[in-house]
Amino acid sequence: MVVLSDKDIKNRIAKNEIIIKNISEEQIGSCSVDLRLGNGFRIFKHAEVTHVDPKEGISDALMELVVKQKEEPFIIHPGEFVLGSTVEYVKIPRDLVARLDGRSSWGRLGIIIHSTAGSVQPGYAGQLTLEIANISKVPVKLWPGARICQLTFEQLSSPCEIAYGEKNSKYMEQQGPQGSKIRLD
Numbered sequence: 393m394v395v396l397s398d399k400d401i402k403n404r405i406a407k408n409e410i411i412i413k414n415i416s417e418e419q420i421g422s423c424s425v426d427l428r429l430g431n432g433f434r435i436f437k438h439a440e441v442t443h444v445d446p447k448e449g450i451s452d453a454l455m456e457l458v459v460k461q462k463e464e465p466f467i468i469h470p471g472e473f474v475l476g477s478t479v480e481y482v483k484i485p486r487d488l489v490a491r492l493d494g495r496s497s498w499g500r501l502g503i504i505i506h507s508t509a510g511s512v513q514p515g516y517a518g519q520l521t522l523e524i525a526n527i528s529k530v531p532v533k534l535w536p537g538a539r540i541c542q543l544t545f546e547q548l549s550s551p552c553e554i555a556y557g558e559k560n561s562k563y564m565e566q567q568g569p570q571g572s573k574i575r576l577d
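In terms of the working numbering, the sequence shown opens at residue 393 and continues consecutively.
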């Protein structure tokens with residue numbers, strides 16, 4: 393697969409082949425697009441969750457949505473796991489796959505941006521849910537609007553036949569951080 397350069401990314405955005413809403417020119421790097429942290433965070437209500445059974449999933453009632461103002465940080469404590477989301481809405485064309493990675497500066501603070509969901513499938517549209525963990529030994533402030541992750545785009549050998557959104561697409565058009573829908577597998 394070939395990774396798109398900044399020139400290719402800008403060209404595909406200009407043609408509305410890649411859609412990323414709410415971005416500025418400064419967010420486009422040499423081969424990636426920086427995405428910003430949204431202001432909503434989903435956290436487990438630990439006192440009410442004895443365990444999670446993937447066959448049953450987890451009820452939204454067992455997670456709390458915390459919404460912060462732009463100048464109000466969310467503090468993630470050592471060992472804590474929260475769901476966040478990107479400010480930006482993205483739509484990936486049928487001939488590309490996007491890769492989501494944390495930015496190095498956050499990794500150096502012990503902040504992991506995704507546990508497993510690093511691939512954004514062709515045809516996906518929506519905000520991206522971030523699986524954020526603090527593996528350091530100190531609390532870290534997460535500021536809404538901070539550039540926290542980046543997308544790179546890889547060209548497929550041919551456009552996919554069945555795009556995300558056309559078959560079993562439980563996270564299509566998501567807004568804000570969404571909990572697991574594993575029970576739908």
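Where is the CB? At the ideal position from N, CA and C, for every residue including glycine.
Residues sharing a beta bridge with residue i, DSSP
| i | result |
| --- | --- |
| residue 491 | 511, 544 |
| residue 398 | In DSSP, residue 398 forms no bridge with anything. |
| residue 393 | None, per the DSSP bridge assignment. |
| residue 456 | 435 |
| residue 549 | DSSP lists no partner for residue 549. |
| residue 533 | 467 |
DSSP three-state assignment for residue i, whether helix, strand or coil
| i | result |
| --- | --- |
| residue 557 | coil |
| residue 417 | helix |
| residue 517 | strand |
| residue 499 | helix |
| residue 525 | strand |
| residue 484 | coil |
| residue 411 | strand |
| residue 505 | coil |
Residue from the options with nearest C-alpha to residue i
| i | options | result |
| --- | --- | --- |
| residue 468 | 444, 398, 529 | 529 |
| residue 516 | 555, 522, 459, 422 | 555 |
| residue 606 | 482, 397, 521 | Outside the shown range of the chain, which is 393 to 577, sits residue 606, and nothing can be said about it. |
| residue 418 | 435, 398, 404 | 398 |
| residue 486 | 519, 545, 446 | 545 |
Residue i and residue j closer than 7 Å at C-beta
| i | j | result |
| --- | --- | --- |
| residue 525 | residue 473 | yes |
| residue 395 | residue 423 | yes |
| residue 428 | residue 537 | yes |
| residue 479 | residue 432 | no |
| residue 569 | residue 501 | no |
| residue 483 | residue 415 | no |
| residue 336 | residue 532 | What is shown of the chain runs 393 to 577, which leaves residue 336 out entirely. |
Rounded C-alpha distance that separates residue i from residue j
| i | j | result |
| --- | --- | --- |
| residue 406 | residue 442 | 49 Å |
| residue 513 | residue 463 | 33 Å |
| residue 553 | residue 488 | 12 Å |
| residue 495 | residue 539 | 8 Å |
| residue 470 | residue 437 | 17 Å |
| residue 542 | residue 426 | 4 Å |
| residue 490 | residue 454 | 31 Å |
| residue 551 | residue 445 | 36 Å |
| residue 510 | residue 498 | 16 Å |
Cβ-heavy atom distance, residue i to the ligand HEM, below 6 Å
| i | result |
| --- | --- |
| residue 407 | No copy of the ligand HEM appears in this structure; indeed no ligand is present at all. |
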